[in-house]
Every structure is written in structure tokens, then in C-alpha cells.
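Participant: Right, I'll just put the structure down here and ask away after.
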Amino acid sequence: MPGVTGPAGLEGIRVVDFGHQIAGPVAALLLAEAGADVVHVDSPRAAAEPGPLDAYVNRSKRRITLDLKRPSDRAVALDLVARADVLVENFRPGVMDRLGLGPGATRASNERLVYCSLPGFAGDDEKATLAAWEGVIQTAVAGYRPLSEHWDPSGRRRVRVEDPAAPLFSPITTASNFGALMGAVSVVMALIARERSGRGQLVAVPLAEAFAEAYSTMLGMRVYENPLMGDGHLLRDLTYECADGGLVDLSPYAKFVIPLLVAAGVAPEWERQGLIDVATRGFAREHRDRAMTMFADLVRSRPAAWWDEVATRAETPMAMVRTPAQWVASEHAHLSGAVVTLDDPLAGPLVLPGRGFDLGRAPAAPRPRHLPDQDRGAVLAELREWHWAGKRATRGPAVPGAGVSPSRSGAPRPRPVDLPLEGHSVLDLSQAVAGPTAARVLADFGADVIKIGNPVPAVTDGIVGQLHRGKRTILLDARSGPGRRLVADLVRDADVLVTNFTLRSQARYGINHARTSVLNPGLVHCSITAYGHHGPWAHRRGYENQCNAATGMSWRYGARFGWTLYQPTPVNDADTGILGAYAVAVALFARLRDGAGQQVGASLVQGSTFHQAVHLAAEAQAAEGSGPDALRNEHGATALARFYQAKDGWFFLAAGQRDVNGLLRAVGLEATAEPGDVLEPGDAADPGGDVETWRDPGGDVETWRDPGGALAARLAARFSGEPAAYWVGRLVDAGIGAHHHVPIDDAVGYLHGRGVVYFERGPNGADVPRPGIGQWLSETPPVVGASPGPVGSQAVEILAGLGLSPAEMERLAADGVLCLPDRLPELKRLT
Numbered sequence: 019m020p021g022v023t024g025p026a027g028l029e030g031i032r033v034v035d036f037g038h039q040i041a042g043p044v045a046a047l048l049l050a051e052a053g054a055d056v057v058h059v060d061s062p063r064a065a066a067e068p069g070p071l072d073a074y075v076n077r078s079k080r081r082i083t084l085d086l087k088r089p090s091d092r093a094v095a096l097d098l099v100a101r102a103d104v105l106v107e108n109f110r111p112g113v114m115d116r117l118g119l120g121p122g123a124t125r126a127s128n129e130r131l132v133y134c135s136l137p138g139f140a141g142d143d144e145k146a147t148l149a150a151w152e153g154v155i156q157t158a159v160a161g162y163r164p165l166s167e168h169w170d171p172s173g174r175r176r177v178r179v180e181d182p183a184a185p186l187f188s189p190i191t192t193a194s195n196f197g198a199l200m201g202a203v204s205v206v207m208a209l210i211a212r213e214r215s216g217r218g219q220l221v222a223v224p225l226a227e228a229f230a231e232a233y234s235t236m237l238g239m240r241v242y243e244n245p246l247m248g249d250g251h252l253l254r255d256l257t258y259e260c261a262d263g264g265l266v267d268l269s270p271y272a273k274f275v276i277p278l279l280v281a282a283g284v285a286p287e288w289e290r291q292g293l294i295d296v297a298t299r300g301f302a303r304e305h306r307d308r309a310m311t312m313f314a315d316l317v318r319s320r321p322a323a324w325w326d327e328v329a330t331r332a333e334t335p336m337a338m339v340r341t342p343a344q345w346v347a348s349e350h351a352h353l354s355g356a357v358v359t360l361d362d363p364l365a366g367p368l369v370l371p372g373r374g375f376d377l378g379r380a381p382a383a384p385r386p387r388h389l390p391d392q393d394r395g396a397v398l399a400e401l402r403e404w405h406w407a408g409k410r411a412t413r414g415p416a417v418p419g420a421g422v423s424p425s426r427s428g429a430p431r432p433r434p435v436d437l438p439l440e441g442h443s444v445l446d447l448s449q450a451v452a453g454p455t456a457a458r459v460l461a462d463f464g465a466d467v468i469k470i471g472n473p474v475p476a477v478t479d480g481i482v483g484q485l486h487r488g489k490r491t492i493l494l495d496a497r498s499g500p501g502r503r504l505v506a507d508l509v510r511d512a513d514v515l516v517t518n519f520t521l522r523s524q525a526r527y528g529i530n531h532a533r534t535s536v537l538n539p540g541l542v543h544c545s546i547t548a549y550g551h552h553g554p555w556a557h558r559r560g561y562e563n564q565c566n567a568a569t570g571m572s573w574r575y576g577a578r579f580g581w582t583l584y585q586p587t588p589v590n591d592a593d594t595g596i597l598g599a600y601a602v603a604v605a606l607f608a609r610l611r612d613g614a615g616q617q618v619g620a621s622l623v624q625g626s627t628f629h630q631a632v633h634l635a636a637e638a639q640a641a642e643g644s645g646p647d648a649l650r651n652e653h654g655a656t657a658l659a660r661f662y663q664a665k666d667g668w669f670f671l672a673a674g675q676r677d678v679n680g681l682l683r684a685v686g687l688e689a690t691a692e693p694g695d696v697l698e699p700g701d702a703a704d705p706g707g708d709v710e711t712w713r714d715p716g717g718d719v720e721t722w723r724d725p726g727g728a729l730a731a732r733l734a735a736r737f738s739g740e741p742a743a744y745w746v747g748r749l750v751d752a753g754i755g756a757h758h759h760v761p762i763d764d765a766v767g768y769l770h771g772r773g774v775v776y777f778e779r780g781p782n783g784a785d786v787p788r789p790g791i792g793q794w795l796s797e798t799p800p801v802v803g804a805s806p807g808p809v810g811s812q813a814v815e816i817l818a819g820l821g822l823s824p825a826e827m828e829r830l831a832a833d834g835v836l837c838l839p840d841r842l843p844e845l846k847r848l849t
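Here's what the structure looks like:
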């Protein structure tokens, strides 16, 4: 923004990253790429074996290697923390305490520290001592669902697996991803609160509890027999085969399918046969079955790329199903910022996932990783200077006027510290799921959110669930002249605006950033789109399923089973909404420094790229077809990370390559190992003597990598003879990760007990579970807001706040500009 000279994003914030694996390093990466100065601490073992994820999770950071068991290195770590704003770690509960680096000790020496802990399970959870591998966490919370419980209607019928009632393994690291996201959001919210209180706090986000966000709207949909087949759907399926064998994914609503038929040149014939009405975008329901058959035949008459181009011209939500490799190679992936090319110091140029969110006043672009210990000299020099200056560990306020936050005009005004966003107002003009999710997260952290809906509701407005909790709602025609003026008044009085329209639609409705920034220079405008603001597809429309198709996410999950497949729940809508909320939080923190607004946001293609990030990073460095996802089958990724069927049900085994011998002893197989199967310490293939690798008898295939190989077969035969509880107990006692398969209802009960699922009266009068949010901040914990009731119920108080009299409200209602609470339209709720 011209004339704005303050720090961008989180510039000036110091972060110490003790993270390992995925969740901790990714949370710190999100902070780094919002501008924070992140120092990643490698252990000597991690420094010696950085692994393929290192190029992604540790880019944009500085690095130092420390052995925290050595007093001298631990002293360096304590100094780093004493001068930091944020600490990030994801060890099991108690590990950092034993090292003298737990929240009690570190916050005692630095009261402004925001200490972020991302354990697999909370310290007071009975599961706290489990080896919390990704698969163990997801199994504990029903992250892996049977095929019959997936929301993808085409995939349920077309995917072929041995047992559709068995849990189906997904390669997406959903628990770690949502843990990292909610951890990063919570850290920035704690930094915002610190500007008023002067104090840091403990942020503890267990990955199992953060997974509640992944359920999104589907937790309340108890019937999985195509819950999306509504009256507005011209089609039942969402994925279709084309003439070249390729696939396309589309939205089945008539208002989208009919323009596609027009663009394809067949609408006149369909209209002549009485199947559709182009002018009204309606269709004859009595002929819907015939229309569906004709549409499938029509799609099969042309190649997938042809349909992709037609959909682009028609601006209708349809996308060609791409492989992940095709996505990262596409022009749009690069121009939109969903992927970036970095010159890695070891691997050379790598195409990696991009930042994941957009900031109008962005800090430096992502930069290649530094190698372990590369920044030791600079980091130690800074610590020496800090010691020389007298250990100014508790620095003054980051901005002038701590204890207050600027108004939209930039003038200070006092605010309480009850919740981080207490006193902030948000205008939610979004629809469907991702946009409302972003606004809902802001409401959870204390913002006053006004949701504007359309007086003529769309089918997607029936996806209510938890999306509008804590909001006030009004139905208002923003396209009418009086409606636009009311929206403009609300924009002038808001801190944040959330939209999820295409850029062209935003301009048409007068809510694009060019206009809203004139109405309110301090406004943070969060624009959530399908394909981003830049690139050849920027104007395209799309929902979760189209963007998963375009980025290879649905291909990744299902193609090896004969058809593409969506994740069990709409995780892309959910993570994109949270990425948008994160961008807003960063912008609000930056606004504390200078009072300036900016446009921020996220896109669904960024969200699905984020979910695949660990695989995309590894595949960028591997030979084609040899990445970590290459051998996955329906049960798991490797023989050491997969479901096994016991005598009475399924359980998930999670172990590392180093655990093979311990695993064999725990299950009583050590006597059956054949010569050459297990390498002895000091073997020529293991010169260090510290890695024990299972091999097949021939010695040329490491069968632990194959979930259907020799080791897996041997374990499967062994496990089939005893109940799941028996094996889980044996494995856990041996320090091996394991958890019995948990049905969704049991997972809901567990998460309800943890305080992250609540119950609400549903559309049919039954109590329906909803994803909540945990008390994850020790001083300013987020809250689950009350349900607003039917959308539009708070219209009178919202309009009164704008100074309208009852008579004026009645006139506007009579003119169809708005709906008053006593005459709301009937809305068919899906959740």
C-alpha cells in the first residue's frame, strides 16, 4: 500500500522452532512466511539425516544444530528462548519439561513469550503417552473412514477396494496439517492479545483435537447416501469419464450445468426435448434420470481438456482431473503462487508448495532452506550482542500505544483483553463453506461477525451447521441500490471483510478491494477464491471438489483404486478457510503497527496444495513413481504404517524403520526371521550400525516400504490370530505406535469429552454433533459462540446499529431489499 512504511506481516517477531516431523515445522513455516524471523533448532540426528521434507518444512528459516542433552547447547537454547517472542515445539507432553525448556521454565524467564505446543494428544488425555504418529492420531479420531462413509457419490460406486466397510487409508496428513494451521492461528491471536496485555501465554493445540476442524460440515451429515442430491441438482454424479479416458469434475447444480450445455452447443436440443429451460436455468425433474444419462454420454464424446476449456469460457465450476505432477507443472500453479520454484542447496531447482495464503503487503518471498547449522555463527553472535547489552529479554511493546488498538481511522481506542479479537468487527459476505469458515474462526476468537445472506437463498445456504455460530445474521440483497448502500455503511464500520466471490463478481457487487479500500482505508479484506487472484484460471469458479480435481488431490487418493476419490470430509474447504483466517490475523497484527488495511486471502487450490505439501516436496526430489506415496494400498503407506486386521477388527500400526527388530520381538516373530531379512549392526549396507532395515530374502527389495510386501504379509498372518486389543496392548507396551480402529460415533464421543465437539439441535429436532474449538490459549481461550438461529434473525439489531428506524426497515422489506425476522424465507437445511 503506497505510503505505508511499517513492518509487513510478522516482521520483527522472533520464533524459535524446536519442531520435528510435520506439525511443528509447518506451524513455524507459516510464521516464517508471514515475515517472522524463525530459527530452527536441529538435533544432531536430524541434522545428519534431514530427509526429503526438509526442503519444504525448513525453508525461509535460519538454522542451528543443538544437542539439548548437553548443558552447553541447552544454555544456547535457553538464551534463544529468553529473547524470543514465540517458541514452537511438537514433542510428547513432558519432554520439553525434562529438558528444562517447558512452558513453566521458559515463561518464567520471558513473560512475553508465546509458547506453542503441538503434541499428538493433550497432556491430560489418557492417550498422552501413545507414540502419536499421524496414522495413530487419525485412527483415534476416525480420520480414516470406510469407503461407504465417504461423501463422494461417484467415488463410492466406482472405487474398487477389497472391503468397502474397512477403514480406507488416506495419504493426506490431515491431523498434522490442521494442528499446524490452528497452532499458527492461535500464536498470532496470542500476539495480538499481547499487544494489549504485555504478556505472552501458553498455546497448546493437540493434533487429535485440531482434527475436529477436518470434519467441517460433514460431522452433522449422518446419512452418507448422497447428501448433496437436492432439488437444484440436475445431475447426481460429480465426476465423469471423457472420450480420452480422462475425467472431469463438476458442480451438479442446474444453474451451473445449463451454461455448460450452452457453451458446448447442445442446449437448444436439450431445451427442444423439454429437459431444460435456458432462460430460467430450470429443468424438468420428471426427466432428470434421462438427462443424467444423456449428460454422461455427452461428456464421453469429447476429451477432458476440451471440457476444461469449455468450462473456462462458460465460467462454470468444472475442472479436468489432473495428476499432482500435471498440477505442479501447470502455468496456473506457478502464476497463482500455489507453487514456487526454489534453488535448493542440495537438490537444485525444486518446485515446492507456495506460501499457502496471500498478503497484500507481503514480506519477503519464500527462500530456499538453509542447511543444518548454516546460521550458527550469526545466531551465536546475536546472542553475544544480547548478553553484552544486558539480556534485554523482555522487550518493550512492539508498537506504540500498547494497551490499545487502532480504530479504522488509526486513532487509539481502549479494548478489553477477554478475547484476542474482542472489539473487532467482521462483515461476512461469503457463501458455501470456506469463506464462512474463515469468518467463524474470527468469531471464535472474539470478533463481532455480521453475516449477510441472500434473501433468495441458494442450496448451499442450507449448509449451516457450525459455520455461523457466534455470528449475527441478516438477509440483504446486496445487488440492489439500497442494499449496496447498506453494505457500504457496514464496510465503513468494519475491521474485516470476508468474501469468496470471483474477482469479477466482487467488482459487479461493488465489494472489490479497489472500492472497499476507498470506503475504509483500514479495512482488512479477506478474499477467498477457488483459483487465486493471479494466473489464467483466476476468474474461474469452483468448489472443493473441482479444486481437488485440478490439483491432483482426488487423483492421488483414489486413482489407484480405479476412480478418483474425495477425502472423507471436505478438508480443503476447511483448511482454506483457516488459511484465510490466518492471513486476516497476520494483517490485523500488522495493522496494530500502522493502522493500514490490506487485501489478504487464500484459495482452494492453495488449500489442496497445502494438504499435499509433504508428498509434493518428496516427489519433487524422487525419481518418477518412487515417492513415499508410490506403493500405498488401501491399508496403508508401508508395512510399518498401515491397518492390519486382527481376529475381531482392524487396528493401525505405526513404526519407524529403526523399530523393525523391536516390532518383531513384540509380536513374537523374531524366531521366524530368515537370514538376510534383518541387517545386523555394522552390516555393509548399514556402516553406522544404527539402522536396522527389514529386507526380503533376496536382499534387493526393502519390503518394509511395501504395504503389500513380504513383511506386511507375515505381520498380517500373525495379527489375524488374536483380538485387536491384545496386539495394541503388546505394541504400545513395546513403545510401538498402535490404535484400534474407531468408528465415527465413538470418535465423536471422545472429542466431545475433550471439549472440541458440541451438540446442537438439528433441522429434524435431533441433537447433532458439531466441530467446536478447544481452550487452547491459556489466557485468552477461544469460545464456541451461540447459534444465531435461522439466518436473518438479527436483522433488526444490525439495522438499528446503522441508525435505521422501524419504518425504514419496513419500507426496505416491502421493496424486497431485506428480510425481517418475522418473515424469513424457508430454507432447506442440509446440516
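With the numbering used here, letter number 787 in the sequence shown gets 805, and the count goes up by one each step, no holes. Yeah, the Cβ is synthetic: ideal placement off N, Cα and C, and Gly gets one too. Model, not experiment: these values are computed from the prediction.
(1) Please report how far the alpha carbon of P434 lies from the alpha carbon of R490, in whole angstroms.
(2) Roughly how many angstroms lie between the CA atoms of L186 and E652, to the nearest whole one?
(3) So A804 and G488 are supposed to be a Cβ contact under 8 Å. How far apart are they, rounded?
(4) Within the chosen definition, does the segment 622-631 reach the segment 527-543 through at least 3 CB pairs nearer than 8 Å?
(5) In this structure, how does DSSP classify S425 when only helix, strand and coil are distinguished?
(6) Under the rule that 16 or more other beta-carbon atoms within 10 Å means buried, what is N782, buried or exposed?
(7) Let me make sure I understand the geometry here. Which of G625, A684, G570, F301 has the alpha-carbon closest to that of D267?
(8) So the candidates are E440, T147, A512, R683; which of them puts its Cα closest to the Cα of P928?
(9) Please confirm whether A672 has its beta-carbon closer than 8 Å to some beta-carbon of chain B.
(10) What residue from A603, W794, A577 has the CA that sits closest to L649's CA?
(11) Is H531 helix, strand or coil by DSSP?
(12) Can you give me the Cβ contacts of Q639 inside the same chain, cut-off strictly under 6 Å, excluding the 5 residues immediately before and after it?
(13) For my contact list, A620 and F375 are in at a C-beta cut-off of 8 Å; report their separation, rounded to the angstrom.
(14) Of the residues S811, P588, L836, P367, which one's Cα is nearest the Cα of G501?
(15) Using three-state DSSP, classify Q663 as helix, strand or coil.
(16) Compare the Cα-Cα distances from D511 to each of P588, G27, G821, R779 and report the closest residue.
(17) Put W555 into one of helix, strand or coil per three-state DSSP.
(18) With a Cβ-Cβ cutoff of 8 Å, do K665 and P588 count as a contact?
(19) Of the choices L119, T83, S90, whose alpha-carbon is the least far from that of V99?
(20) For G613 and V514, I'd like the C-alpha separation in whole angstroms.
(21) So, helix, strand or coil for Y233, using DSSP?
(22) What residue range is occupied by the uninterrupted beta strand (DSSP E) comprising M619?
(23) Between F579, V775, F737, which lies nearest to E180 when the distance is taken from Cα to Cα?
(24) R559 and N76: beta carbons closer than 8 Å?
(25) Report back the beta-carbon spacing between D393 and I82 to the nearest angstrom; my notes put them in contact at under 8 Å.
(26) Would you mind sorting K469 into buried or exposed? The rule is 16 or more other CB atoms within 10 Å of its CB.
(27) Assuming the contact rule is C-beta atoms closer than 8 Å, P381 and A45 should be a hit. Round their C-beta distance to whole Å, please.
(28) Counting C-beta neighbours from all protein chains within 10 Å, is the total for P371 16 or more, i.e. buried, or is it exposed?
(29) Identify, in the order they occur along the chain, each residue of the same chain with its Cβ nearer than 6 Å to the Cβ of R426, setting aside the five sequence neighbours on each side.
(30) Starting from S545 and walking both ways along the beta strand (DSSP E), at which residues does that stretch end?
(31) If you draw a straight line from the C-alpha of R88 to the C-alpha of D115, how long is it?
(32) Measuring straight from C-alpha to C-alpha, what distance separates A65 and A673?
(33) Kindly identify the DSSP beta-bridge partner or partners of Y258.
(34) Quick one: measure Cβ to Cβ for R379 and A26, integer angstroms, because I've assumed they're closer than 8 Å.
(35) Looking at the ligand GTP, does it come within less than 7 Å of V750, judged from the CB to the closest heavy atom?
(36) Check this for me: beta carbons of F301 and A272, under 8 Å apart or not?
Facilitator: Looking at the coordinates:
(1) Sequence index remark: in the sequence shown, residue 434 carries index 416 (1-based). Sequence index remark: in the sequence shown, residue 490 carries index 472 (1-based). Note that P434 has pLDDT 44, beneath the 50 cutoff, so the model's placement of it is unreliable and the number below is only indicative. Each residue's Cα considered, the two are about 21 Å apart.
(2) Translated into the one-based positions of the sequence shown, residue 186 becomes position 168. Translated into the one-based positions of the sequence shown, residue 652 becomes position 634. Cα to Cα, the separation comes out at about 5 Å.
(3) On the sequence shown, position 786 is the one that residue 804 refers to. On the sequence shown, position 470 is the one that residue 488 refers to. Between the beta-carbon of A804 and that of G488 there is about 7 Å, and that keeps the pair under the 8 Å contact cut.
(4) Result no; under three Cβ-Cβ pairs closer than 8 Å.
(5) Reading the sequence shown from its first residue, position 407 is the one you call residue 425. Its pLDDT being 35, under 50, S425 is placed unreliably by the model, and nothing is read from it.
(6) As a first step, residue 782 must be located in the sequence shown, where it is residue number 764. Exposed is the label assigned to N782, since fewer than 16 other Cβ atoms lie within 10 Å of its Cβ.
(7) Position 249 of the sequence shown, counted from the first residue, corresponds to residue 267. Among G625, A684, G570, F301, the Cα nearest to that of D267 belongs to G570.
(8) Only positions 19 to 849 of the chain appear in the structure, and residue 928 is not among them; the question remains open.
(9) Annotation note: the requested chain B is absent from the structure, which comprises a single protein chain.
(10) Along the sequence shown, one-based indexing puts residue 649 at 631. Taking each of A603, W794, A577 in turn and checking the Cα distance to L649, the smallest one comes out for A577.
(11) Start at 1 with the first residue of the sequence shown, and residue 531 comes out as number 513. Looking at H531 - three-state DSSP - the assignment turns out to be helix.
(12) On the sequence shown, position 621 is the one that residue 639 refers to. Beyond the five residues adjoining it in sequence on each side, Q639 comes within less than 6 Å, by CB distance, of P70, A365 in the same chain, given in chain order.
(13) Counted from its first residue, the sequence shown places residue 620 at position 602. Counted from its first residue, the sequence shown places residue 375 at position 357. At roughly 5 Å, the Cβ-Cβ gap stays under 8 Å, so A620 and F375 are in contact.
(14) Position 483 of the sequence shown, counting from 1, holds the residue named residue 501. Looking at S811, P588, L836, P367, the one whose alpha-carbon comes closest to that of G501 is L836.
(15) Walking along the sequence shown from the start, residue 663 turns up at place 645. Correct three-state label for Q663: strand.
(16) As a working mapping, residue 511 is identified with position 493 in the sequence shown. Checking every option, the nearest Cα to that of D511 belongs to G821.
(17) As a first step, residue 555 must be located in the sequence shown, where it is residue number 537. Coil at W555, not helix or strand.
(18) What you label residue 665 is simply residue 647 of the sequence shown in a count that begins at 1. What you label residue 588 is simply residue 570 of the sequence shown in a count that begins at 1. Contact check for K665 against P588 fails: the beta carbons are separated by 8 Å or more.
(19) Position 81 of the sequence shown holds residue 99. Minimum Cα distance to V99 is reached at L119.
(20) Stepping through the sequence shown from its first residue, residue 613 is reached at position 595. Stepping through the sequence shown from its first residue, residue 514 is reached at position 496. Distance between the alpha carbons of G613 and V514 is about 13 Å.
(21) By 1-based counting over the sequence shown, the position of residue 233 is 215. Correct three-state label for Y233: helix.
(22) Indexing the sequence shown from 1 puts residue 619 at position 601. Sequence check: residue 619 is Gly here, not Met. 616-621 is the extent of the beta strand (DSSP E) around G619.
(23) The sequence position of residue 180 within the sequence shown is 162, counting from 1. The shortest CA-to-CA distance from E180 to any of F579, V775, F737 is the one to F579.
(24) The residue given as residue 559 occupies position 541 in the sequence shown. The residue given as residue 76 occupies position 58 in the sequence shown. Inclusion of R559 and N76 in the CB contact set at 8 Å is not warranted, their separation being larger than that value.
(25) On the sequence shown, position 375 is the one that residue 393 refers to. On the sequence shown, position 64 is the one that residue 82 refers to. D393 to I82, Cβ: 6 Å. Contact.
(26) Here the question's residue 469 lines up with position 451 in the sequence shown. Around the CB of K469, 16 or more other CB atoms lie within 10 Å, so the residue is classed as buried.
(27) As a first step, residue 381 is located in the sequence shown; it is residue number 363 there, counting from the start. As a first step, residue 45 is located in the sequence shown; it is residue number 27 there, counting from the start. About 17 Å separates the two Cβ atoms, so there is no contact after all.
(28) Looking up residue 371 in the sequence shown gives position 353. Buried, by the Cβ-count rule.
(29) Translated into positions along the sequence shown, residue 426 becomes position 408. Caution applies to R426, whose pLDDT of 34 falls short of 50 and renders its modelled position unreliable; the value that the coordinates give is listed next. Take R426, set aside five residues on each side of it, and the residues of its chain with a beta-carbon closer than 6 Å to its own are N538, G540, in chain order.
(30) One-based indexing of the sequence shown puts residue 545 at position 527. 542-547 is the span of the beta strand (DSSP E), which, as asked, contains S545.
(31) The residue given as residue 88 occupies position 70 in the sequence shown. The residue given as residue 115 occupies position 97 in the sequence shown. If you draw a straight line from the Cα of R88 to the Cα of D115, it is about 15 Å long.
(32) Locating residue 65 in the sequence shown gives position 47, counting from the first residue. Locating residue 673 in the sequence shown gives position 655, counting from the first residue. If I take the Cα positions, the gap works out to 21 Å.
(33) Working through the sequence shown from its first residue, we reach residue 258 at position 240. Beta-bridge pairing by DSSP links Y258 to V266.
(34) Walking along the sequence shown from the start, residue 379 turns up at place 361. Walking along the sequence shown from the start, residue 26 turns up at place 8. Rounded, the Cβ-Cβ distance is 5 Å, consistent with contact.
(35) Because no ligand of any kind appears in the structure shown, any question about the ligand GTP cannot be addressed here.
(36) For this step, residue 301 is matched to residue 283 along the sequence shown. For this step, residue 272 is matched to residue 254 along the sequence shown. Taking 8 Å as the cut-off, the Cβ atoms of F301 and A272 count as close.
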